[in-house]
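Visitor: Below is a structure I'd like to ask you about.
Protein chains in written order, with full-length UniProt numbering: chain A, 1 to 528; chain B, 1 to 488.
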C-alpha cells in the first residue's frame with residue numbers, strides 16, 4: 001500500500017531531533033525536544049483520526065527492502081495504534097517533567113529521551129520480527145544511560161540490574177525468533193500470526209518469548225528490577241518506564257505469544273494465572289509497607305500488570321479488551337502518579353513518605369490532582385482503570401472463578417495501599433515544617449497534569465473511543481484462540497448452578513488443570 | 001598451468017613481497033625516513049586490496065583460482081579475507097608512527113615487518129596445501145613476534161614478544177605434528193588429496209583422528225580459542241598498542257580463514273570428527289572470555305578477553321559446518337575487525353597531558369564529560385561488542401546464530417547467546433565508568449586528526465547505519481563461502 005509514510009515520519013522526527021540535540025545548548029535542547037515531541041503528538045492524532053476502524057487489519061503499511069535478512073516493514077492495527085498514541089501523548093509530558101529538574105547534561109538527556117520515543121514507536125509499528133527485536137532491544141541503551149546518569153543515589157546498581165535482567169530475557173527470544181523464521185520462511189509478523197507451528201515446538205517458543213515479556217512486563221518473580229529502576233530513575237524516566245516500556249511486555253503477549261502459539265498459550269495459561277495471582281496479592285502487600293513513594297507506585301505497577309496478564313490469558317474478548325484498557329489506563333495513571341511524586345520531590349528532594357504530611361493544607365490543588373489519580377489507580381468508576389479492570393476480571397471469571405476471586409482482592413488491596421499513601425502524604429498534621437512550606441503547583445505542572453486527568457476521565461466515561469479501533473483486532477485474536485482456549489469452570493446458567501466435580505481438565509491442550517485445584521470445572525456438557 | 005598465470009593470480013602477494021624487499025633496502029640505507037616508508041607501505045597494502053578486490057566481487061572459485069599446482073587458491077574466500085587482512089594491517093600501520101615516536105622512537109623496520117606479516121597472512125588464507133599453509137603461518141608469526149617486542153626499552157613489550165614466541169613455537173609444533181599425522185594417514189599434503197582420502201562415508205582411522213585433533217589444537221592457539229588462549233591477555237597488554245591493534249584484527253582473520261579452509265575443505269567430509277571440538281571451543285571461549293574480562297582493570301587486557309569471547313561467537317558459525325555458517329563467520333569477521341579497529345583507535349587516543357598512554361579503565365572515569373567524542377566512540381564499540389542492537393555488532397551475532405539454528409544446533413545457540421549476557425556485564429562496566437562516574441581528568445591529550453578520521457569512519461560502520469550494508473556484505477560473504485565449498 002502506498003501512501004504518505006506517516007509512521008516513518010513519526011520515527012524520523014524524534015530521531016533527527018535527538019541528533020540535533022547533541023549539538024546545541026541546554027535551553028535550545030529543551031525547546032527542540034518539546035517541539036519534536038509535540039510534532040509527534042500531532043502526527044499521532046492524525047494517525048488516530050485517519051485510522052479506519054472498518055478498514056483492513058493492517059493500515060499505514062510501509063515496506064522497504066533496506067536490509068538483508070529482514071525488512072523495514074511498518075504497519076499498525078488498532079492495538080498498536082492505541083499504544084503509539086499513548087507513547088506520543090506521554091512524551092511531551094515527560095519532557096515537561098524534566099524541564100527544571102534536570103540540570104546536568106541536558107542535551108544528552110533530551111537526546112536519550114527522543115531516541116527512546118523513536119524506538120517505542122518503532123516497536124509498536126514494526127511488522128518484521130527482527131526489526132521488532134532490534135528496536136525492542138535497542139531501548140536498553142538509552143534507558144540504561146537515563147537511569148545511570150540522571151538517576152538517584154543507587155542508580156548504578158539499578159541500571160545494571162535493569163539492563164542485564166532485560167537482556168537475559170530477550171536473548172532467548174532471539175533464538176526462538178530465528179527458529180521460527182527458519183521454520184516458517186518469513187519474518188513477516190502478520191503472516192506468522194496465522195502460521196501454525198507444531199504444538200511441541202510451540203511450547204519451547206512460548207517459553208522463550210515468555211522469558212522476555214515476563215521480565216519486561218514485569219511478572220512475579222522476575223519483577224525485582226522494576227522497583228529499583230523506578231526508584232532510581234529520574235521522574236520522566238519513571239513515567240516512560242511505567243507508561244510505555246512495561247506495555248511492551250503486554251504488547252508482546254498480545255502480538256506474539258497468543259496468536260503465534262495458541263496451543264502453548266492455553267497449555268501454559270495456568271502458569272500465567274498462578275504467577276499473576278501471586279503477583280497481585282504479594283506485590284500489593286509489599287506496596288502496603290513501603291516508605292518510599294516511588295517504590296510503592298512501582299509495586300502497584302506490578303500488581304496492575306498482573307491484572308493485564310490475567311485478562312490476556314482469559315482468551316476471550318472481554319479479557320483481551322480489558323487488558324488493553326488496563327495497559328492504556330495504567331500508562332496514564334501510573335505516569336501521572338510518578339509525576340505527582342516528582343512534583344513534591346522537586347521541592348523537597350526526598351521520596352520518603354514520612355517527610356511529607358498535611359499537604360492538602362498548603363498544596364490544595366496538588367492534593368486534588370493527587371487524589372484524582374489515586375482514585376483512578378484504585379479503579380474508581382468513571383476513571384480509566386475501572387473499565388479495564390472490570391473487563392479483565394469479568395473475562396477471567398468465565399475461565400476460572402478462583403483466579404477472578406484472588407485477582408479481585410488486588411483491587412481491594414490496591415485501594416488500601418493507595419489510600420494509605422494518600423492519607424500519609426496529604427492528610428493529617430503538617431508535622432514537617434519544610435513540607436508545609438512547599439508552594440502549590442505552578443503553570444508547568446498544571447500543563448502536565450491536566451491533559452493526563454482529562455484523558456483518564458475520557459477513557460473512564462467513554463471508553464468506546466479507545467475500544468472501537470481495536471475491536472476487530474481483538475475479535476480476530478479471539479477467533480484465533482477459540483479452538484484451543486481452556487474451557488471455563490463457571491458455565492453459569494439461569495437459576496441453576498452446576499457444581500460438578502471434575503478434577504481433570506477437558507482434555508486436549510486444555511488438559512492441564514488450573515493451578516487452583518479447588519477450582520471446580522462445570523460439567524459444561526450437561527448444561528449447554 | 002603456467003607460472004605466468006600463477007604469478008598473475010597472486011599479483012597482490014607478488015606486489016607485497018617485492019615492495020617489502022624494496023622498502024627493507026630503503027630502510028637499511030635511510031633509516032630516518034620512518035614515516036615515508038610507513039605511508040609507502042600503507043599505499044602498497046591498499047594497492048594489494050585493489051588487486052584482490054575483483055576476485056571477491058566476481059566470486060572467483062574452483063580451478064580458475066588455483067595457482068602453483070593447487071598449492072594456493074586465490075578464490076573469493078581467500079580474497080575476501082585478504083581485503084580484511086590488508087585493510088586492518090594498513091590501519092594498524094597508519095596509527096603506529098605517532099605512538100612509537102612518543103614511546104621511544106619509531107623504526108623503519110616496522111612497516112617492512114608489517115608488509116611481510118601481511119604477505120604471510122595472505123598465503124595463510126590462500127593455502128590449499130599443508131606446506132604453503134605452514135610457510136604462510138610462520139612468515140606471519142615471525143614478523144609478529146618481532147613486532148610484539150618492538151619497544152625494546154619497555155619490559156612488558158619484551159615479555160610479550162618472548163611469551164608470544166615461546167608459546168607460538170609450541171603451537172606451531174603441535175600443528176606440525178598434526179599435519180604429519182594427517183599426511184601419514186591420508187598420503188597427501190594437498191587439501192584436495194586429504195579431502196579425497198577422508199571423503200564423507202569413509203571410516204576415519206585413529207591416526208587421522210589424532211591428526212585432526214592436533215591440527216585443531218594448533219589452530220585454536222592461533223585464533224586464541226579456549227583452552228589455548230592464555231597467551232592472549234599478556235601479549236595484548238604488553239605489546240605496543242598499534243601492534244595489539246594489529247594482533248586483534250588481521251591475524252585473527254587469517255587464522256580463522258585458515259581454520260575454516262582446513263576444517264571445511266580438507267576435513268569437510270568428516271564433520272563429525274571436529275564438530276564437537278569446535279562446539280566445545282566455541283562455548284568455552286564465550287564463557288571464559290566473558291568471565292575473564294570481568295576483573296580486568298586494563299583496557300587492553302579487556303579487549304584481549306573480548307577478542308577471545310568474539311572468537312567463540314565466530315566458531316559458532318564453524319560448528320554449523322554449512323555454507324550459511326561460513327558466510328556468517330565471514331560477515332562476523334568483517335564487523336569484528338572494524339569494531340576492534342575502532343576500539344583500539346580509541347585506546348590509542350587515550351592520553352594524559354604529557355602524551356603518555358592511559359590504559360587503566362579507572363582512569364577513564366567521567367570521560368563522557370571531558371572527551372564526549374571519544375567516550376561516545378568507545379561506548380559504541382562496547383555496546384557493539386556486546387551485541388546490543390541497533391549497533392552493527394549485533395548483526396554479526398545474529399547471522400552466526402541464524403546459521404547455527406538453521407543447522408539444528410539449538411543447544412549451542414541457546415548456551416552461546418545466554419553466555420553473551422555475561423559478556424554484556426563487563427562491556428557495560430566500561431560505559432558505566434565513562435558515563436556515570438565523576439571525571440578523573442586523566443585523559444586530557446588531544447586526539448590526532450588521523451585518529452579522528454579513522455574513528456569517524458569505523459564508528460559510522462558500526463553505528464546503525466551499518467545495517468544498510470547488510471545486503472552488500474551478505475552477498476560478498478556468501479560468494480566467498482560458496483567459493484570455499486566449491487574449491488574441493
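In this text, a Cβ means the ideal position worked out from N, Cα and C, and glycines have one as well.
#1: Quick check: residue 370 of chain A and residue 340 of chain A, are their CB atoms within less than 8 Å of each other?
#2: List, in chain order, every chain B residue whose beta-carbon is nearer than 8 Å to that of residue 179 of chain A.
#3: Confirm, please, whether the CB-CB distance from residue 348 of chain A to residue 442 of chain A is below 8 Å.
#4: Would a C-beta distance cut-off of 8 Å place residue 126 of chain B and residue 74 of chain B closer than the cut-off?
#5: In three-state DSSP terms, what is residue 343 of chain B?
#6: For a cutoff of 8 Å on Cβ pairs, would you count residue 171 of chain A as touching chain B?
#7: Cβ closer than 8 Å: which chain A residues qualify as neighbours of residue 396 of chain B?
#8: What does residue 149 of chain A reach in chain B if we use C-beta pairs closer than 7 Å?
#9: Could you name each continuous alpha helix (DSSP H) segment of 4 residues or more that falls completely within the segment 419–470 of chain A, going from the start of the chain to the end?
#10: Classify residue 126 of chain B as helix, strand or coil using the three-state DSSP reduction.
#11: Tell me whether the beta-carbon of residue 166 of chain A lies closer than 8 Å to the beta-carbon of residue 216 of chain A.
#12: Is residue 69 of chain A close to chain B? Criterion is C-beta to C-beta, closer than 8 Å.
#13: Helix, strand or coil: how does DSSP classify residue 441 of chain B here?
#14: Please confirm if residue 439 of chain B has its CB atom under 8 Å from at least one CB of chain A.
#15: Counting only runs of 4+ residues fully inside the segment 180–214 of chain A, write out the alpha helix (DSSP H) ranges in chain order.
#16: Leaving out five residues before and five after residue 363 of chain B in sequence, what residues of the same chain have Cβ atoms less than 6 Å from its Cβ?
#17: Locate the beta strand (DSSP E) running through residue 61 of chain A, then write down its first and last residues.
#18: Determine, for residue 470 of chain B, whether the minimum Cβ-Cβ distance to residues of chain A falls below 8 Å.
#19: Residues in the same chain with beta-carbon distance under 7 Å from residue 133 of chain B, minus the five sequence neighbours each way, listed in chain order, please.
#20: With residue 222 of chain B and residue 255 of chain B assumed to form a contact (beta carbons below 8 Å), what rounded beta-carbon distance in angstroms separates them?
#21: Provide the residue span of the alpha helix (DSSP H) that contains residue 396 of chain B, from first to last.
#22: Examine the Cβ distances between the segment 327–341 of chain B and the segment 86–96 of chain B and report whether three or more of them are shorter than 8 Å.
#23: Expressed to the nearest angstrom, what Euclidean distance is found between the alpha-carbon atoms of residue 113 of chain A and residue 170 of chain A?
#24: Among B:72, B:229, B:479, B:20, which one has its Cα closest to the Cα of residue 8 of chain B?
#25: For residue 188 of chain B, which option in B:168, B:211, B:455 has the closest C-alpha, if you only look at C-alpha atoms?
#26: Starting from residue 297 of chain A and walking both ways along the alpha helix (DSSP H), at which residues does that stretch end?
#27: Can you tell me where the beta strand (DSSP E) with residue 75 of chain A in it begins and where it stops?
#28: Thinking C-alpha only, which one of B:470, B:122, B:283 is nearest residue 316 of chain B?
#29: From what residue to what residue does the alpha helix (DSSP H) around residue 46 of chain A run?
#30: Taking residue 296 of chain B as part of the alpha helix (DSSP H), name the residues at either end of that continuous run.
#31: According to DSSP, what are the bridge partners of residue 176 of chain B?
#32: Per DSSP, what kind of secondary structure is residue 107 of chain B in: helix, strand or coil?
#33: For chain A, check one thing: does any of its Cβ atoms lie closer than 8 Å to the Cβ of residue 54 of chain B?
#34: Let me see if you follow: with CB-CB separation under 8 Å, is residue 420 of chain B close to chain A or not?
#35: When Cβ atoms are compared, which residues of the segment 123–144 of chain A fall closer than 9 Å to chain B?
#36: State the Cα-Cα distance for the pair residue 8 of chain A and residue 63 of chain A, rounded to the nearest angstrom.
Guide: Concretely, from the data shown:
#1: yes
#2: 405, 410
#3: No, the pair does not count as a contact, with Cβ atoms beyond the cut-off.
#4: yes
#5: helix
#6: It does; some Cβ of chain B falls within 8 Å.
#7: Residues of chain A passing the Cβ test: none, with the nearest at roughly 12 Å.
#8: 435, 436
#9: 433–436, 443–461
#10: helix
#11: yes
#12: yes
#13: coil
#14: Chain A contact via Cβ: absent.
#15: 189–192
#16: 440, 442
#17: 59–64
#18: For residue 470 of chain B, the nearest CB of chain A lies under 8 Å from its own CB, placing it at the interface with that chain.
#19: 124, 127, 258
#20: 4 Å
#21: 393–406
#22: Cβ pair count under 8 Å is three or more, so yes.
#23: Rounded to whole angstroms, the gap between the alpha carbons of residue 113 of chain A and residue 170 of chain A is 22 Å.
#24: B:72
#25: Relative to the Cα of residue 188 of chain B, the nearest Cα in the group B:168, B:211, B:455 belongs to B:211.
#26: Annotation for residue 297 of chain A: the continuous alpha helix (DSSP H) segment containing it runs 293–312.
#27: 72–76
#28: Of all alpha-carbon atoms in B:470, B:122, B:283, the one lying nearest the alpha-carbon of residue 316 of chain B is that of B:283.
#29: 26–50
#30: Counting along the chain, residue 296 of chain B falls outside any alpha helix (DSSP H), and DSSP gives it neither H nor E.
#31: Per DSSP, none; premise fails for residue 176 of chain B.
#32: Correct three-state label for residue 107 of chain B: coil.
#33: no
#34: yes
#35: Within the segment 123–144 of chain A, the residues whose Cβ lies closer than 9 Å to any Cβ of chain B are, in chain order, 130, 133, 134, 135, 136, 137, 138, 140, 141, 144.
#36: 10 Å
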